[in-house]
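Have a look at the structure below, then the notes.
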């Protein structure tokens, strides 16, 4: 099982270490100056574009996703 905080860190590291010439920075939402209400990952590109990847649903193995957006499980 993994928490949302660890998933943020893992996905941000995965994006940065992908060695893409396009990606300038990737970060977990908890690492921002003003942390977000919901977990997720942000990506900044050298072109100035940004991508926001909020965690909307989670599911454990063998389970379907939750019905309500942003009602995340503590571990998934």
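Numbering (my numbering), first residue to last: 2 to 77.
Here a beta-carbon is modelled for each residue, glycine too, at the ideal position from N, C-alpha and C.
Note that this is a predicted model, so its numbers are computed, not measured.
Item, Value
"Range of the contiguous beta strand (DSSP E) that encloses residue 76", "Careful: residue 76 lies outside any beta strand (DSSP E) and carries neither H nor E."
"Contacting residues, own chain, Cβ-Cβ under 6 Å from residue 158 (five flanking each side not counted)", "Because the chain here runs from 2 to 77, residue 158 falls outside it and cannot be looked at."
"Cβ-Cβ distance between residue 45 and residue 25 below 8 Å", "yes"
"Cβ separation of residue 72 and residue 61, assumed to be a contact under 8 Å, to the nearest whole Å", "The pair is not a contact, with the Cβ atoms about 14 Å apart (cut-off 8 Å)."
"Coil, strand or helix - residue 17 by DSSP", "helix"
"Proximity to residue 6 [Cα-Cα], best of 22, 35, 39, 16", "39"
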